[in-house]
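Chemist:
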Amino acid sequence: MPVSSNIRSVLLLVLLHGLTGMMPAQTQHGGHPALGTSGPLGDFTPRVTRYDLVITDTIVSYTGKPRKAYAVNGSIPMPTLTFTEGDTAMIVVRNAMAKEETSLHWHGLILPYHLDGVPHLTTAPIKAGETQVYKFPLVQSGTYWYHSHTGLQEQNGMHGALIVHKRNAAPMPEHVVILSEWTDMKPKEVHRRLHAANDWSAIRKHKVRPGSVQSYSDAIKEGALGVKLTNEWKRMNAMDVSDVYYDLLLANGRPVDEAPDLKAGERVRIRLINGGASSYFWITYAGGKMTVVASDGIDVEPVEVDRFIMGVAETYDIIVTIPADSTAYELLATSEDRVRSASVWLGSGIRQLAAPLQPLKYFEGMEMMNDMMKMNGDLDDMGMHMSLQQMDMNVVMYPEITGPKDATRTEGAGDDHGGDRYNSNALSDIVTLNYAMLRSPTPTTLPPGPVKELKFTLTGNMNRYLWAIDNRTVSETDRILIRKGENVRIILTNNSMMRHPMHLHGHFFRVVNGQGEHAPLKNVLDIMPMETDTIEFAATEEGDWFFHCHILYHMMSGMGRVFVNPAPRPNPVLPDARKAERLFLREDKAWHFMAQNDFATNGNDGEAMLMNKRWNLQAEWRLGYTPMHGQEVEMHFGRFLGKMQWWFPNIGIDWRTREGHGDDAEENLFGQRNTKNSRSVLHAGFQYTLPMLLVFDARIDTDGQLRAQLMREDIPLTPRLRLDLMGNSDLEHMERLRYVLDKSWALSTHYDSDMGWGVGVTVTY
Amino acid sequence: MKTIGLLIATLLLLPGCNAQLKNARTVTVRVDGDWPMCEKTIEKAAYVKGEAEVDWDVDAKTARITIDSMRTDIDAVLQRIAHAGYDNERFLAPDAAYTALPGCCQYERTFKRAPQNAQATVPVQDDAHHHHIAEEGTGQEVADPLAPVLTGYFALKDALVASDATKAKDAAIQLNEAVRGVDMGALDHEVHMVWMEVMGSLTSTTTTIANAKGLEAQRKVFRELTAPMTRLVKASPTSTPVYLDHCPMYEGGADWLSRDKAIKNPFYGSQMMTCGSVKETIIR
Numbered sequence: 001m002p003v004s005s006n007i008r009s010v011l012l013l014v015l016l017h018g019l020t021g022m023m024p025a026q027t028q029h030g031g032h033p034a035l036g037t038s039g040p041l042g043d044f045t046p047r048v049t050r051y052d053l054v055i056t057d058t059i060v061s062y063t064g065k066p067r068k069a070y071a072v073n074g075s076i077p078m079p080t081l082t083f084t085e086g087d088t089a090m091i092v093v094r095n096a097m098a099k100e101e102t103s104l105h106w107h108g109l110i111l112p113y114h115l116d117g118v119p120h121l122t123t124a125p126i127k128a129g130e131t132q133v134y135k136f137p138l139v140q141s142g143t144y145w146y147h148s149h150t151g152l153q154e155q156n157g158m159h160g161a162l163i164v165h166k167r168n169a170a171p172m173p174e175h176v177v178i179l180s181e182w183t184d185m186k187p188k189e190v191h192r193r194l195h196a197a198n199d200w201s202a203i204r205k206h207k208v209r210p211g212s213v214q215s216y217s218d219a220i221k222e223g224a225l226g227v228k229l230t231n232e233w234k235r236m237n238a239m240d241v242s243d244v245y246y247d248l249l250l251a252n253g254r255p256v257d258e259a260p261d262l263k264a265g266e267r268v269r270i271r272l273i274n275g276g277a278s279s280y281f282w283i284t285y286a287g288g289k290m291t292v293v294a295s296d297g298i299d300v301e302p303v304e305v306d307r308f309i310m311g312v313a314e315t316y317d318i319i320v321t322i323p324a325d326s327t328a329y330e331l332l333a334t335s336e337d338r339v340r341s342a343s344v345w346l347g348s349g350i351r352q353l354a355a356p357l358q359p360l361k362y363f364e365g366m367e368m369m370n371d372m373m374k375m376n377g378d379l380d381d382m383g384m385h386m387s388l389q390q391m392d393m394n395v396v397m398y399p400e401i402t403g404p405k406d407a408t409r410t411e412g413a414g415d416d417h418g419g420d421r422y423n424s425n426a427l428s429d430i431v432t433l434n435y436a437m438l439r440s441p442t443p444t445t446l447p448p449g450p451v452k453e454l455k456f457t458l459t460g461n462m463n464r465y466l467w468a469i470d471n472r473t474v475s476e477t478d479r480i481l482i483r484k485g486e487n488v489r490i491i492l493t494n495n496s497m498m499r500h501p502m503h504l505h506g507h508f509f510r511v512v513n514g515q516g517e518h519a520p521l522k523n524v525l526d527i528m529p530m531e532t533d534t535i536e537f538a539a540t541e542e543g544d545w546f547f548h549c550h551i552l553y554h555m556m557s558g559m560g561r562v563f564v565n566p567a568p569r570p571n572p573v574l575p576d577a578r579k580a581e582r583l584f585l586r587e588d589k590a591w592h593f594m595a596q597n598d599f600a601t602n603g604n605d606g607e608a609m610l611m612n613k614r615w616n617l618q619a620e621w622r623l624g625y626t627p628m629h630g631q632e633v634e635m636h637f638g639r640f641l642g643k644m645q646w647w648f649p650n651i652g653i654d655w656r657t658r659e660g661h662g663d664d665a666e667e668n669l670f671g672q673r674n675t676k677n678s679r680s681v682l683h684a685g686f687q688y689t690l691p692m693l694l695v696f697d698a699r700i701d702t703d704g705q706l707r708a709q710l711m712r713e714d715i716p717l718t719p720r721l722r723l724d725l726m727g728n729s730d731l732e733h734m735e736r737l738r739y740v741l742d743k744s745w746a747l748s749t750h751y752d753s754d755m756g757w758g759v760g761v762t763v764t765y
Numbered sequence: 001m002k003t004i005g006l007l008i009a010t011l012l013l014l015p016g017c018n019a020q021l022k023n024a025r026t027v028t029v030r031v032d033g034d035w036p037m038c039e040k041t042i043e044k045a046a047y048v049k050g051e052a053e054v055d056w057d058v059d060a061k062t063a064r065i066t067i068d069s070m071r072t073d074i075d076a077v078l079q080r081i082a083h084a085g086y087d088n089e090r091f092l093a094p095d096a097a098y099t100a101l102p103g104c105c106q107y108e109r110t111f112k113r114a115p116q117n118a119q120a121t122v123p124v125q126d127d128a129h130h131h132h133i134a135e136e137g138t139g140q141e142v143a144d145p146l147a148p149v150l151t152g153y154f155a156l157k158d159a160l161v162a163s164d165a166t167k168a169k170d171a172a173i174q175l176n177e178a179v180r181g182v183d184m185g186a187l188d189h190e191v192h193m194v195w196m197e198v199m200g201s202l203t204s205t206t207t208t209i210a211n212a213k214g215l216e217a218q219r220k221v222f223r224e225l226t227a228p229m230t231r232l233v234k235a236s237p238t239s240t241p242v243y244l245d246h247c248p249m250y251e252g253g254a255d256w257l258s259r260d261k262a263i264k265n266p267f268y269g270s271q272m273m274t275c276g277s278v279k280e281t282i283i284r
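Here the protein sequences line up with chains A and B, keeping their order. All residue numbers for the first sequence refer to the working numbering, where the first residue is 1 and numbers rise by one. All residue numbers for the second sequence refer to the working numbering, where the first residue is 1 and numbers rise by one.
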């Protein structure tokens, strides 16, 4: 049926309007034949598909406690937007919130850069009360999603599915599942506590699945004391695969989702989206194997697996069957830390459960980390050259692959035979998907052109929560210039202890995985510790494109870079380019505040820190109740140096006052004498983190007094019992035991060489 | 005073006294299970202090579930029971949980419906540890009396490959039963002669493995099974090949038999899964 002249003129008007001349002439973007696979225009009637989205504040109650969240058109997750390839999408977004600004990023879509939705980089934020219209052609098909790119809004409801159907697609029953997480803790507080290295989330997880805290008592119980000591000797804190404790995992906004209309014997397509902020999900199915047919929206040659892991922001299309009638089969999504899961029941009838994933064997994981971590903080892959998820070191923690707990830990079981030690598929009959198994049905080779090769090393520091590329955050580096006609090749190496889902805006990249010309196209790459992966893309899209880790809290800490492919005209929606740049880069420059005070019978003992990624302003105080005990306050300001940030040179001020001790001078270890009755000095010195996580503090003050101090806080004796120790060359020492009650409160008792014994309550902000 | 005290004590001792659960709601639901000893497992899986308790009747195959309806629901209880391995009206146990049940507890899965296509990807009943295994046979050797011994050996070997001491113990017990259940009269003459020679050591070795404390002890004794089993397989070779594998590292060198060509080491498990090589292929 030929396109009628009316519709053609509407289409033309639509194409010319609303895009202020920024829209490129050709519809084939990125030069990838894999996109636009629906076939010739032929008998297809293009149209404008319009959605109106209204963003509001709302109160939700997932756990029975009312909490603030964001809803769009009254729903969480945001409504599923459905299009057909070739349509023009017209999304009218109104921010109906009272005060907050917001934004929406269309993840995975190829579109003009000023509609990409990254506030202050490509798009203006949608201020409270404002409406913005996003109008662009859909040049691709597949499973995508959309989410806020402002602050931490993505965590609290602003995520939703975006599906683009192929033209003339053969009808097949399908179900869309967007996975997400819920925490009752405000995301801002989650973020702050991550920066304060507060392990309350590990204690919460421990209640659900014992073992996450990996305290000394846990280690002794499992015969892994040597492992724990080695781990702290190498200056590592207890490792977890995920930082945050979630109260619930959700599928389509519910802990249990249903697709009862699917019938037995049917083959159905499930479009899975990881819309979580920080969780990876294992996907397993009670009705047998799953056939993976698309990744990040782009078709791959079908590959049958028993399970696969979804990184944050990845999407996968799978085809499964409903084997028997009157039976619903569980599609199970389990978080990588195995603390929580969400289920989708496919079919209707008696419910066939999938086997749950057993808890992680944490000390096996710790032992593996000990082997991989060098004393200087670098990771050593022991010649294994890991890539493409083929070797999963965490496999030592998976009981379903390496057997139950006691069986596998034998200290030094002799030589391993290289790669197979961590290769899931070699170790068991369970087939786990990895990137080397993905193959594009069509060739994806880039058009000929000069290659700009970049090497990025992902770096991270759990103790200070500094996540970066080459130890530089996005605000500490310049934008990277790329030009049309160039091909950009990025060699990514992950030298951090966590896996990261790296996402590139505006383009698909080839994942160079041994499939030659048929390398798959993706827009999110999960890269595991010590892996090196190569991705490449043609720089066809003009504009500013963000490349970042999609773990929300890592992105906020600056783990990313910006590629600039210069556009002929300035960005029409960001007229003040310098102001925009300043606002875009301010997130990872944020300062975080943390304070703690022990309200005890022998005085108030506490500290407060105002820190950002490199600098720290810290105050410590010991305030006695009597003039005999006296008061002492100390403040210092300094900068963290080095990749591991173990060095902390600083300068500060020291005040002290005390009465009733007469003229007895005390002698310190350096032979210097001081009555310690009154002090008001400046000091300069440094701190250094030693093995066993002891902090060595050395300083000299304006009275010429030297002081050396060793201190360790938060030694995890048991999951809830913590020990703080301090001793210094002034012959002062302090020991404190704290029992953690909840995120802010702990019961404590301590002995201070100047103030004696006391019991009290420690409050932590 | 004394009578009141006695009365209270008696009331508290009455079975099924739900004085503890508030907002109590009781339902009777069908829960599958075969053996009286399953009762403890079912009731323990279902029990949550202050929320749910269950009384399961093995003859009627029903569970009387009492819950605090404000804190939980019947589905949550039935889901826990199913996760422990017991099918019920609302939930089917995961296959792995069912097969992990001790052989005697593996009831017939009447709640489970067969898949629609001929190519059954989900078995209705898993035979791996079913205690009628001796009668099933392997299907290749027609009524071969030694088949259960072979199958039992491979099951034990697989359990050690998976580093699963509990499964290995069960497999050793099964193999022991299979050895003692062989009908010598049905064997060919040559096989009979070999059987007479190896039967004793097979019986005693499998008993030792079954009583061994821990995975390493099991592995050490498992090694001693290889020689008599190899003699047996060579005397009555099967149409599907059996591989004699050798691992040079374990205790100065150790052999085992396998149906798979791929090396999966039962002495080291995942620590050194692929250590070893095929020494010999035994085939008719």
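Think of the CB as a built atom: it goes at the ideal place given N, C-alpha and C, for glycine as much as any other residue. Given the structure is predicted, the values throughout are model-derived calculations rather than measurements.
Using a Cβ cut-off of 8 Å, pull out every chain B residue sitting near Leu248 (chain A), in sequence order please.
Modeler: Ordered by position in chain B, no residue passes the 8 Å Cβ test against Leu248 (chain A), which lies about 15 Å from the chain.
Chemist: Which chain B residues are close to Ile491 (chain A), counting only those with a beta carbon under 8 Å from its beta carbon?
Modeler: In chain order: nothing, as chain B lies at least about 30 Å away.
Chemist: Is there at least one Cβ from chain B nearer than 7 Å to Leu138 (chain A)'s Cβ?
Modeler: The beta carbon of Leu138 (chain A) does not come within 7 Å of any beta carbon belonging to chain B, so the residue lies off that interface.
Chemist: Kindly indicate if chain B contains any beta-carbon less than 7 Å away from that of Ser748 (chain A).
Modeler: For Ser748 (chain A), the answer is no, since every Cβ of chain B falls outside 7 Å of its Cβ.
Chemist: Could you name each continuous alpha helix (DSSP H) segment of 4 residues or more that falls completely within the stretch 308 to 389 of chain A, going from the start of the chain to the end?
Modeler: 362 to 372
Chemist: Please state whether the Cβ-Cβ distance between Ile163 (chain A) and Thr82 (chain A) is less than 7 Å.
Modeler: yes
Chemist: Is the distance from the Cβ of Arg699 (chain A) to the Cβ of Gly685 (chain A) below 7 Å?
Modeler: yes
Chemist: Enumerate in chain order the residues of its own chain whose CB-to-CB distance from Ile309 (chain A) is below 6 Å, with the five nearest sequence positions on each side excluded.
Modeler: Tyr280 and Trp282
Chemist: Leaving out the 5 sequence neighbours to the left and right, which residues in its chain are closer than 6 Å to Thr321 (chain A) when beta-carbon positions are compared?
Modeler: Arg267
Chemist: What number of angstroms, rounded off, separates the C-alpha of Asp724 (chain A) from the C-alpha of Leu737 (chain A)?
Modeler: 7 Å
Chemist: With 7 Å as the threshold, decide whether the Cβ of Thr274 (chain B) is near any Cβ in chain A.
Modeler: Interface flag for Thr274 (chain B) against chain A is set, since a Cβ pair is found closer than 7 Å.
Chemist: How about Met397 (chain A) and Gly365 (chain A): are their beta carbons less than 7 Å apart?
Modeler: yes
Chemist: Using the beta-carbon of each residue, which ones in chain A are nearer than 8 Å to Ser239 (chain B)?
Modeler: Under the 8 Å cutoff, chain A gives no residues; its nearest Cβ is about 24 Å from Ser239 (chain B).
Chemist: Are Ala171 (chain B) and Leu150 (chain B) close, meaning C-beta to C-beta below 7 Å?
Modeler: Cβ atoms of Ala171 (chain B) and Leu150 (chain B): not closer than 7 Å.
Chemist: By Cβ distance below 7 Å, which residues in the same chain neighbour His206 (chain A) in space, the five residues on each side in sequence not counted?
Modeler: Ser212, Val213 and Pro719
Chemist: Return the residues of the stretch 310 to 334 of chain A that lie within a Cβ-Cβ distance of less than 7 Å from chain B, sorted by chain order.
Modeler: Pro323, Ala324, Asp325, Ser326 and Thr327
Chemist: If you reduce the DSSP assignment to three classes, tell me which class Cys104 (chain B) lands in.
Modeler: helix
Chemist: Just the Cα atoms here: how many angstroms apart are Val227 (chain A) and Met369 (chain A)?
Modeler: 10 Å
Chemist: CA-CA distance, Arg578 (chain A) and Cys549 (chain A)?
Modeler: Inter-residue distance for Arg578 (chain A) and Cys549 (chain A) is about 24 Å (C-alpha atoms, whole angstroms).
Chemist: Under three-state DSSP, which class holds Ser199 (chain B)?
Modeler: Checking the sequence shown, residue 199 (chain B) turns out to be Met, not Ser. Helix, per DSSP.
Chemist: Within a Cβ cutoff of 7 Å, which residues of the same chain sit near Gly85 (chain B), ignoring the five residues on either side of it in sequence?
Modeler: Ala93, Ala97, Tyr98, Ala100 and Leu101
Chemist: Any contact between the stretch 127 to 136 of chain A and the stretch 152 to 167 of chain A? By contact I mean 3 or more CB pairs, one from each, below 8 Å.
Modeler: no
Chemist: Counting only Cβ pairs nearer than 7 Å, list the residues of chain B close to Pro404 (chain A).
Modeler: Asp164
Chemist: Could you pull the start and end residues of the beta strand (DSSP E) that His548 (chain A) belongs to?
Modeler: Gly543 to Cys549
Chemist: In angstroms, rounded to a whole number, what distance separates the CA positions of Leu272 (chain A) and Met692 (chain A)?
Modeler: Using only the alpha carbons, I get a separation of about 43 Å.
Chemist: Contact criterion: CB-CB distance below 7 Å. Does Arg351 (chain A) meet it with respect to chain B?
Modeler: yes
Chemist: Excluding the five sequence neighbours on either side, which residues of its own chain have a C-beta within less than 7 Å of the C-beta of Glu141 (chain B), listed in chain order?
Modeler: With a pLDDT of only 42 at Glu141 (chain B), under the threshold of 50, the placement of this residue in the model should not be trusted; the figure read from the coordinates follows. Counting only Cβ-Cβ distances below 7 Å, and skipping sequence neighbours, we find Ala147 and Thr238.
Chemist: Just to check my reading of the structure: Asn156 (chain A) and Tyr70 (chain A) have Cβ atoms closer than 8 Å, yes? What is that Cβ distance to the nearest angstrom?
Modeler: 6 Å
Chemist: Name the DSSP beta bridge partners of Ser258 (chain B), please?
Modeler: B:Tyr243
Chemist: Using a 10 Å radius around the Cβ and a threshold of 16 neighbouring Cβ atoms, would you call Asp245 (chain B) buried or exposed?
Modeler: buried
Chemist: So if I threshold CB-CB distances at 9 Å, which residues from the stretch 268 to 298 of chain A count as touching chain E?
Modeler: Considering every chain present, this structure includes no chain E. Its protein chains are A and B.
Chemist: Give a yes or no on whether the minimum CB-CB distance between Gly642 (chain A) and chain B is below 7 Å.
Modeler: no
Chemist: What whole-angstrom Cβ distance do Tyr146 (chain A) and Leu104 (chain A) have, given they're in contact under 8 Å?
Modeler: 6 Å
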